[in-house]
Each structure stands twice: as C-alpha cells, then as structure tokens.
Amino acid sequence: MKNIKVTLAFILLLISSVISTAQDYLITNFGAVRDGISVNTKAIQAAIDAANKNGGGKVLIPTGVFLSGTLVLKDNVELYLAKGAQLLASARQEDYPRQPQPKYRSLRDQGGWYSFIYAEGATNISISGNGTIDGQGAKQKGLPNSLGGDLDGRPSNILFISCKKISVSGITLKNSGMWNQHYLNCEDLTINNINVYNHSNRNNDGIDIDGCRRVILTNSIFDSGDDAICLKSTGPAPCENVVISNCVVSSFCNGIKMGTESTGGFRNINISNCIIKPSIHPEKPKESGNPSAIGITGLSLEIVDGGVMEGISVNNLTIEGTKCPVYIRLGGRNRKHRIDAPEPTVGSMRNISISNIIAYGSGNFACSVTGIPGHKIENVKLSNFNIIQQGGLKEGEYLATLEDVGEVIKGYPQPTNWGNLPVSGLFIRHIDKITVNNFSIDADKYDPRPIFMAQDVNRISIKDVQVGSNCNSKNMIVMKAVEDHFLEFNRQD
C-alpha cells in the first residue's frame, strides 16, 4: 500500500510539473499596447518566443486593438485571442519581411513569402479564441513578380508551411492582402468554427489547403471575393484525406474548388452538408479581377497542371445563385510549379461521385464534365440533382451547336470560357464511363436548349430524368461519337 501511495504521489507530481510548464503569456506583460497605433511586433513575438523556449504555452491577446507586423508562430504555442481582441495587421510594407525560401518548393516561390502570421516546420501550433485577425488588405500594396501580377508583398493573414498538428478554431479572419489562409504541405490540420470575411484586395480566397494531408474543416462560414474554400496542389505533395463538412460558403468566384494548381493531385476528398449562397458583400470589388455580380460555380473540380484526382465524394450541397452549379474539368494548361521544373504532362481524373445537389437561382451555364481529346475522365457518378435555372434564353444568346463548343485545352479552366452552352442541363465530353441517375431540371422562364449533350463518351447511362415545363422535354439529348449508352427519360410537359 505504501508503495502504491508513493507511486501515486510521484504521478501527481509529474502531472503537476507538466501542467505548470504550459504557462500563459499575456502580451501586455511583454510591452504590447492596445491602442491600434503602436506597432507591437517585437512585444508579441517576444511572448511567442518565451512560450516556445519554456516548452510551450498560450500567448494571450486580451481585449483591445493590437497593431503588428509579421509574427512567427513556433512549436507548442497557442495564440489565443480573447473576446473583443483584435490583432490588426500593419499597413507598412516594411513590417512584413520576406521569409527565407522554404525547403518545400512550390508555385508560391514565384509569388513571395509574406504573411501576417507565419510558420514553417512547426509542430503543435494553434490559433484559437473569440477575437479577430484583420489583415487591412485594402491598404496592402503588392510588388511585381514572375507570375505577371502583384502577388509579391501582399501578405496572407496566415501562411503555414510544412507544419504538423495544427488547430485553428473560434476566431474571425478578415481583410487579407492576398489569400486569407494558406496551409502548404501541412499534416494533421483541424479547422473548426471559424468565420472568414475577405473582400479587400485581389486573390481574396477564404482558405487554401495546398498539398496537405489529413485535414478536417468543419462548422465554418466563408464569404470571399475570390474562391471561398480552395484545395490546391502547387507542389509535388498531394492534397489527400481531406474532410470538409457543415460549412456555409459565399464567393464571387467559386464556392468550393479543387485547382487550378494540381501538380501533386488530389486523393480521398470528402465534401458534405454544405450551403453555397450569394455573398452579403454589397458589390463585387472592381480590383478583384472578376466582374461577375454572382458566383461563377458552386462546385469546381479541376486538373489542368498534371497530377491525379481520384476518390472524390461530394454529397448534400445546396447551391444558390451561381452561374454554373457543378463544373468538372480535365485540361492541359500544364503550368510548371516552379521555374526550373519540367513541364507537366496532362493529368487524370477518375472515381468521382457527386450526389444530392440542390441548385436554384442558377444562371444559364449548364453543368459540365469534360476532358480533352485523348484524355478522358473516368468513372463519374452523378445522382439526385435538382436544378432550377433562370432560363429565358433566345436563339443567338447561346452556342448553337456542339461544334461551336471549343476545347480550350490550354486556357484557364472556368465555364465562362464557353458562355451559354447549347445545352441546359449537363454537357459531357471525353468521358469513359459516366452514370447519371435522378436528374431534375426546370427554369424560371422557357429554355429551348436540349437537356443533355454528349460527345466522345464511352459507357454512358442516364435514367430517371424529370424535366419541368419551362425546359425542352422534346429534345432530351444530342449525342456524337457515343458508344455503349443506356437512356431512360421521364418526360414532363
């Protein structure tokens, strides 16, 4: 019994010792001033460094406005923003030193390494609380770069590279100079219950998950000028084993997107139970580069720079007010992920399942699944689609025939390349095996176009189709170079 008591006392002492090492570090104790004017970079960084040096801890940002430049997060440090706390990015370019070239090479090398909160190679880091990170993006000015734009110098709110065990929760992120959050080549990333509002500069994505493994993104709200939730692969690492669920998404570009950068590919991605709706932002900023007043796509899956996309499951999306509900594209832009890399070959897409899609208030861009000549998308399953479009097109307001639809092999992938296709429901081209089950379509005003169009397709099955009174039920499908097909339509006049 005595030995048991001694052992228990030792365990309690050990636990107490571990707990005591995880201290709180209040930034005002390191000289930070909450006046929104004084630049607090050195004070806040000192708190982070102290927490890291002592084995880890929580860096506390209390209520108030704290102005700062780049902060470098380190191992075992939690950055905690209390309710009413605002971490405000400096508008001075000199407060954002260009970070050293990361060991992981990617397309971002050509755009610069500037960020408000930065980490490379860190483990067990987190940002949490109830406060706000404001990047003051409208004041962030860029510099010319090798990509031909002004990405250099405009900081993201968060840039984490090759980090492990990351958690971001509870906070609000807004007004970044570039992409709001960029997680590059990271592992074990959990993002929960964040609120993102990003309408202040060009390239204002809500979040970019880039070549990351084992990612969970849940219960969050995004409203952005550019792509809201974007999975990328700008380097050799694949984006894989990613779960996205229970998010509300708004964008003037693409709601949920994979691409355009696709070097390392995408594997085992599960997206479910999300709502895509119009932005609450009063108008599309001219500086965004996209003049559209509504989102371009609800869901966009793209491989255009090499790489493999496979094992994609999308279920239960509600899409309101986008030009095109669903866009799937295999292309041949073949952009290098770094200047000295060999030009990639055309990639591949296979085993894609999309189900339970409700889209209303949609523009007149049909959904599409398209490869390019000699490169077919393989094994696509679409089921339980319910689409209501604007309709009202007249002859001359859409492409007249299948032959009018260009391949656009090298172009930037987006449905605006074609405009209004000669089909209202679904355009299918260069596909090997596609099944479409329970597809319902109608329009607010009459649309004279056929429902389906298929070209260069092997093994196509379309059944259980419902056509509303404002769509052309007398011309269900146009086919060219189609082999092994099964069609079963339920006409409704």
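Numbering (this note's numbering), first residue to last: 7 to 499. Idealized CB from N, CA, C, for every residue including glycine.
Item, Value
"Cross-strand partners of leucine 323 (DSSP beta bridge)", "Cys280 and Ile363"
"Outcome for serine 374 when other beta-carbon atoms lying within 10 angstroms are tallied against a minimum of 16", "buried"
"Own chain, CB closer than 6 Å to leucine 388, minus 5 neighbours either side, in chain order", "Ile360 and Val442"
"Lysine 486 and leucine 405 closer than 8 Å at C-beta", "no"
"Which of helix, strand or coil DSSP assigns to aspartate 232", "coil"
"Status (buried if at least 16 other CB within 10 Å, exposed otherwise) for phenylalanine 16", "Only weak support is given to the placement of phenylalanine 16: the predicted model assigns it a pLDDT of 43, under 50, and the value that follows is read from those uncertain coordinates. It counts as exposed."
"Cβ neighbour criterion (16 or more within 10 Å) applied to proline 106", "exposed"
"Rounded separation between phenylalanine 371 and asparagine 426 - CA only", "5 Å"
"Helix, strand or coil at phenylalanine 371 [DSSP, three-state]", "coil"
"Assigned exposure category for threonine 303 - 16 Cβ within 10 Å defines buried", "buried"
"Under 8 Å between C-beta atoms of lysine 329 and proline 421", "yes"
"Any beta strand (DSSP E) of 3 or more consecutive residues that is wholly inside the stretch 321 to 355", "328 to 336"
"Alanine 52 - containing alpha helix (DSSP H), residue span", "47 to 59"
"For serine 230 and phenylalanine 445, the rounded distance between their alpha carbons", "30 Å"
"Counted within 10 angstroms of its Cβ, other Cβ atoms place glutamate 349 as buried (16 or more) or exposed", "exposed"
"Classification of serine 44 by the beta-carbon crowding that lies within 10 angstroms, buried from 16 upward", "exposed"
"Option nearest glutamate 193 by Cα separation, candidates Asp216, Tyr333, Val314 and Lys283", "Asp216"
"Integer Cβ distance of asparagine 357 from glycine 317, believed to fall under 8 Å", "6 Å"
"Between the CA atoms of isoleucine 281 and isoleucine 325 - distance to the nearest angstrom", "6 Å"
"Asparagine 444, enclosing beta strand (DSSP E) - first and last residue", "432 to 451"
"Coarse secondary structure for lysine 145, derived from DSSP in three states", "helix"
"Glycine 313 vs glycine 271 beta-carbon contact at 8 Å", "yes"
"Assigned exposure category for histidine 402 - 16 Cβ within 10 Å defines buried", "Per the sequence presented here, residue 402 reads as glycine, with histidine not at that position. By the 10 Å Cβ count, glycine 402 comes out exposed."
"Enclosing beta strand (DSSP E) for valine 65 [first to last residue]", "63 to 67"
"Option in Ser182, Val471 and Thr138 with minimal Cα separation from alanine 88", "Thr138"
"Segment limits, beta strand (DSSP E) that includes aspartate 462", "458 to 473"
"Buried or exposed by the 16-neighbour rule on C-beta atoms within 10 Å, applied to glutamate 126", "buried"
"For alanine 91 and arginine 104, the rounded distance between their alpha carbons", "27 Å"
"Integer Cβ distance of asparagine 186 from asparagine 163, believed to fall under 8 Å", "5 Å"
"Contact the stretch 107 to 121 vs the stretch 59 to 69: 3+ CB pairs below 8 Å", "no"
"Residues sharing a beta bridge with arginine 219, DSSP", "Glu193 and Glu246"
"Alpha-carbon to alpha-carbon, glutamate 489 and isoleucine 172", "49 Å"
"C-alpha gap between arginine 344 and glutamate 267, whole angstroms", "12 Å"
"Spatially closest choice to glycine 61 from Lys147, Ser354 and Asp30, by CA coordinates", "Asp30"
"Contact set for asparagine 58: own chain, Cβ-Cβ below 8 Å, skip 5 residues either direction", "Lys80, Asp81, Asn82 and Val83"
"Option nearest isoleucine 378 by Cα separation, candidates Tyr366, Ile415, Arg220 and Gly241", "Ile415"
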